[in-house]
Structures are given as structure tokens and as C-alpha cells.
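Asks: Numbering (my numbering), first residue to last: 1 to 111.
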């Protein structure tokens, strides 16, 4: 559902804790690892079939406002860091959240 594209060390530091919170909230989340270019990361996002791409660069990391692109309709908007998870949940719907964890397979919690 959500793919983070980050450019620069500051962006990476900001993205990691937010991606963890997104996963805990039930949002399927992917982070582009390594240091590929924005173009390469956007291609990975497209291949992942994520519905939303969050682009975080140095300025976005400092300002706490991210660029969010809807991959379905191509629209793009700015979303404050503290509002991102609620924004994404509002767009994908609470009924589409996924709280699966691999540990569930080991503890027989998965139905």
C-alpha cells in the first residue's frame, strides 16, 4: 500500500521510524534500501504496485511535510509527517489494513 522513496541521510533517519509506525498501524509498507536515484526508486515503487508513494528528501525531512503520490490516479499532495498514517488509512480504508506478522505463524495466532 505504501512505498517510501528517500533521498539523503536525513530523509532515511526520518523514514525508518515512520515506516515502523505505518506497519504497526496495519499498512503494508516498503522502504527503498540502498542509495539508488529517485528515478530508480520510483521504478521500484511502480513494480511494487504500492498505491501510495511517499517522497522524502532533505527539505521534506527538515520541514516535516512529505510529498505523497497516489499511484492509482497520479495525483500528488503534501502531507504533514504527523498526519501521514491517518491520511493513508483514510485513503485505503480501515477494512484493508493488514496486521499479519510472521511470528503469528509460529504462535498459531493466524486464523
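For each residue, glycine too, the CB sits at the ideal point set by N, CA and C.
1) Determine the closest residue to residue 62 out of 51, 52, 80, with distance taken between C-alpha atoms.
2) Can you give me the start and stop residues for the beta strand (DSSP E) that residue 76 sits inside?
3) Classify residue 41: buried if its beta carbon has 16 or more other beta carbons within 10 angstroms, exposed otherwise.
4) Can residue 2 and residue 22 be called in contact, C-beta distance under 7 Å?
5) Relative to the C-alpha of residue 99, which candidate in 54, 83, 26 has its C-alpha closest?
6) Assuming residue 84 and residue 18 form a contact by the criterion Cβ under 8 Å, report the distance between their Cβ atoms to the nearest whole angstrom.
7) In terms of residue numbering, what span does the beta strand (DSSP E) encompassing residue 2 cover?
8) Quick check: residue 65 and residue 52, are their CB atoms within less than 7 Å of each other?
9) Using 7 Å as the threshold, is the C-beta distance between residue 37 and residue 5 below it?
10) Got a sec, what are the start and stop residues for the beta strand (DSSP E) residue 70 sits in?
11) Could you please give the first and the last residue of the uninterrupted beta strand (DSSP E) stretch that includes residue 27?
Replies: Checking against the coordinates, here is how it stands:
1) When 51, 52, 80 are compared, the shortest CA-CA separation from residue 62 is found for 80.
2) 76 to 80
3) buried
4) yes
5) The residue with the shortest Cα to Cα distance from residue 99 is 26.
6) Approximately 6 Å separates the beta-carbon atoms of residue 84 and residue 18; this is inside 8 Å, confirming the contact.
7) 2 to 6
8) no
9) no
10) 65 to 70
11) Note, residue 27: premise wrong, no beta strand (DSSP E); not H, not E.
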